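See below for the structure under consideration.
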Amino acid sequence: MSTQTRTLAVVSAGLGTPSSTRLLADRLTAATVEALRERGITATVEVVELRQHARDLADNLLTGFPNASLRDAADTVTGSDGLIAVTPIFSASFSGLFKTFFDVLDKDALSGRPVLMGATAGTARHSLALEHALRPLFAYLRAVAAPTAVFAASEDWARGGGLHDRITRAAGELADLMAGRPPAAPADPFDDPTTSFEELLGGR
Amino acid sequence: MQFGIFSVSDVTPDPTTGRTPTEAERIKAMVAIALKAEEVGLDVFATGEHHNPPFVMSSPTTYLGYIAAKTSTLQLSTATTLITTNDPVKIAEDYALLQHLADGRVDLMMGRGNTGPVYPWFGQDIRTGIELAVENYALLRRLWREDVVDWEGRFRTPLQGFTATPRPLDGVPPFVWHGSIRSPQIAEQAAYYGDGFFSNHIFWPKEHTQKMVEFYRRRFEHYGHGSADQAIVGLGGQVFMRRNSQDAVKEFRPYFDVAPVYGHGPSLEEFTSETPLTVGSPQQVIERTLGFRDYVGDYQRQLFLIDHAGLPLKTVLEQLDLLGEEVVPVLRKEFAALKPAHVPDAPTHASLVAARRAAPQAAVQAGTEVQAR
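Chains as they are written, first to last, in our numbering: chain A, 1 to 204; chain B, 1001 to 1373.
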């Protein structure tokens, strides 16, 4: 069997250094790379730490375009074959920084893209934010979210068993979604148009 | 190559004094600026069109008609004319009349407009912006080229036996540019008709402008109007100058920092490096502007934005002095020396009339072909 390759982008919206959000993102990434390897796929991982783009994102909201640094980060995500997106939960939802990053992407940029969602918070009482906030966000973007989303409360980093199993299950789901989909070939808006101008003129 | 300025007609408080000009002051300032543009030897003045505060320019042909009467060489243009929310019949009539009054010094730049509520205020839907631009412009072309038009479309009430008056000066419609910041479909439209394409070139990085212009040039050639390097390209640009570049930075920064579009965001230095904005000496503006050619090729029209963000009239007129005395004469000479002979100048009324006289049969055939579409 020939070796296939896929790119895996990781978006982490943690604010601390070190950050438990990044810690969860790293665990999900390692498990997904392993799950892809078991399916004969070599993954290239690229991590986007949103903290480093906090000012870039505010600028983009105001100017309407990403600066060079943010453009590279956005291209990393929109050009990937799969995405791991992890946010801290603030005030019952994803963090503003996390949302802003997805706000400035083109609304079609993640269409059909496999996504594994993760979130962290101080207590498990925030865990359903994954289902009531992140899952609708990725549904709107028409991304394909893995059925298992992984939440890690502070207590999960001590207790054995549950978190590791959820990570492994979610990583397997993301790997299946990525393996079942051809490598990403993002549409270039400057390719010759598929709709001819005569068709546009005819109102079609 | 044509050099000029374009205005968005914003009424913005001067952040250094806190004073907001009245609409009357701003309108008269726009007159002074256009007249000064001709006086210092610029070629083009283009005005935006807006239907909401804080902008004053709701009626460009009223304004341009007044400017036409007060000037004799200045090319009068728009940046942009709203092809989506204006009735194409009124555009055909208004600009045909203006062209007569201006003795052929008028061209237009079509744009869609990006102010959401303007669409419903004029009975349209922003989600059909591209379709509106395509249908309305196709009708506008016919109204200028066919004496009697029967037409039925999706967005406007049908026309039977309609003649737009006055007929275009010398039977030649005004040259049209199409402006778009980010929609390849509009570059495609410009290429399809062999019209000009104007890239805003203010708000986005140069890489974006480069992609849009490359696409337009490639499609212009595809549609058989000439080679890609013969396509008609215009660029925006934004400058603020003082003889000493540090003075320019110091004086412009308070305006930049709170400017309506990009204020409170990136620093002046960041925005200058990310976009074509140049704040510095006339020599720096010359060098930066000559560099535009490196990524869009030889182009036909350069318009600068100089009168926005609350800058006082006196300052704007000083900018025009620097443009006219120190910047444009050098740019004119340098660009002309670089341009190959087969690259055309921007079409003017005179050149379009001459081209029609030179090839009357071809013009008639082309007209027939357009009607058949």
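The beta carbon of each residue, even a glycine, is placed where N, CA and C say it ideally should be.
Note that this is a predicted model, so its numbers are computed, not measured.
Might you give, ordered along the chain, the residues of its own chain that have their beta carbon closer than 8 Å to the beta carbon of residue i, omitting 5 neighbours on each side?
i	result
residue 126 of chain A	89, 92, 119, 151, 153
residue 1366 of chain B	Low confidence applies to residue 1366 of chain B: its pLDDT is 48, below 50, so where it sits in the model is not reliable enough to give any reading.
residue 1210 of chain B	1295, 1296
residue 1342 of chain B	1227, 1229, 1230
residue 1335 of chain B	1001, 1290, 1293, 1298
residue 135 of chain A	117, 145, 149
How would you label residue i, buried or exposed, when you count the other beta carbons within 10 angstroms and need 16 or more for buried?
i	result
residue 173 of chain A	buried
residue 1338 of chain B	exposed
residue 1333 of chain B	exposed
residue 1374 of chain B	The first residue shown for chain B is 1001 and the last is 1373, placing residue 1374 of chain B beyond what the model contains.
residue 1180 of chain B	buried
residue 83 of chain A	buried
residue 157 of chain A	exposed
residue 62 of chain A	exposed
residue 1019 of chain B	exposed
residue 187 of chain A	exposed
residue 40 of chain A	exposed
residue 1267 of chain B	exposed
residue 1381 of chain B	Examination of residue 1381 of chain B is not possible in this model, given that chain B is present from 1001 through 1373 alone.
residue 1052 of chain B	exposed
residue 1136 of chain B	buried
residue 3 of chain A	exposed
residue 1166 of chain B	exposed
residue 1244 of chain B	exposed
For residue i, I'd like the list of residues in its chain whose CB is within less than 6 Å of its CB, leaving aside the five on either flank, ordered along the chain.
i	result
residue 1034 of chain B	1045, 1067
residue 166 of chain A	150
residue 1301 of chain B	1002, 1234, 1346
residue 1133 of chain B	1083, 1084, 1112
residue 1198 of chain B	1109, 1177, 1179, 1234
residue 1129 of chain B	1084, 1112
residue 1363 of chain B	Because residue 1363 of chain B sits at a pLDDT of 48, beneath the cut-off of 50, its placement in the model cannot be relied upon, and the point is left open.
residue 240 of chain A	Absent from the structure is residue 240 of chain A, since the part of chain A shown begins at 1 and ends at 204.
residue 87 of chain A	13, 94, 95, 98, 119
residue 1200 of chain B	1181, 1236
residue 138 of chain A	115, 145
residue 1307 of chain B	1007, 1033, 1316
Once you ignore the five residues that flank residue i on each side, which residues in its own chain have a CB closer than 7 Å to its CB?
i	result
residue 1085 of chain B	1113, 1118, 1119, 1122, 1124
residue 1015 of chain B	1254, 1255, 1258, 1310
residue 175 of chain A	32, 35, 36, 39
residue 1076 of chain B	1045, 1064, 1067, 1068, 1102, 1105, 1106
residue 184 of chain A	79, 80, 81
residue 1368 of chain B	Residue placement at residue 1368 of chain B is poorly supported in this model, since its pLDDT is 46, which falls under 50; the coordinates still yield a value, given next. So the list is empty, once near-sequence residues are dropped.
Can you round the beta-carbon distance between residue i and residue j to whole angstroms, since I take them to be within the 8 Å contact cut?
i	j	result
residue 1047 of chain B	residue 1074 of chain B	Incorrect: roughly 12 Å between the Cβ atoms, too far for contact.
residue 146 of chain A	residue 177 of chain A	6 Å
residue 1317 of chain B	residue 1036 of chain B	5 Å
residue 1265 of chain B	residue 59 of chain A	4 Å
residue 1071 of chain B	residue 1049 of chain B	Not really, about 20 Å apart at Cβ, beyond 8 Å.
| task | Determine which residues of the stretch 1212-1245 of chain B have a Cβ less than 9 Å from any Cβ of chain A, and write them out in chain order. | result | 1212, 1214, 1215, 1218, 1219, 1222, 1223
| request: Quick one: which residues of the stretch 68-84 of chain A get their C-beta closer than 9 Å to a C-beta of chain B? List them in chain order. | output: 68, 71
| query | Which runs of the beta strand (DSSP E) spanning at least 3 residues fall entirely within the stretch 129-162 of chain A, listed in chain order? | reply | For the stretch 129-162 of chain A, whole beta strand (DSSP E) runs of length 3 or above, ordered along the chain, are 150-153.
| Within 7 Å of chain B by C-beta, residues of the stretch 51-62 of chain A in sequence order | 58, 59, 62
| said: List, from N- to C-terminal side, the alpha helix (DSSP H) runs of 4 residues or more that fit wholly inside the stretch 69-141 of chain A. | reply: 96-104, 135-140
| Sequence ranges, alpha helix (DSSP H) only - wholly within the stretch 1320-1350 of chain B, length at least 4 | List check, alpha helix (DSSP H) in window: 1328-1338.
| task | Note down, one range per segment and in chain order, each alpha helix (DSSP H) of at least 4 residues found wholly within the stretch 1087-1140 of chain B. | result | 1088-1101, 1118-1121
| said: Under 7 Å, CB to CB, which of the residues in the stretch 180-197 of chain A have a partner in chain B? | reply: 189, 190, 193, 197
| message | Output needed in chain order: residues of the stretch 1257-1268 of chain B with a Cβ under 8 Å from some Cβ in chain A. | response | The residues in question are 1261, 1262, 1263, 1264, 1265, 1266.
| request: Could I get the ranges of all uninterrupted beta strand (DSSP E) runs contained in the stretch 1260-1326 of chain B, with 3 residues as the minimum, in chain order? | output: 1278-1280, 1301-1304
| query | Can you list, in chain order, the stretches of the beta strand (DSSP E) that have 3 or more residues and sit fully within the stretch 1059-1091 of chain B? | reply | 1075-1078
| What residues in the stretch 1296-1326 of chain B bring their beta carbon closer than 8 Å to a beta carbon of chain A? | none
| request: Check each residue of the stretch 1169-1183 of chain B: if its Cβ is closer than 7 Å to any Cβ of chain A, include it; give the result in chain order. | output: none
| Fully enclosed by the stretch 15-51 of chain A, which beta strand (DSSP E) runs are 3 residues long or longer? | Given a length threshold of 3 residues, each whole run of the beta strand (DSSP E) inside the stretch 15-51 of chain A is given here in chain order: 41-49.
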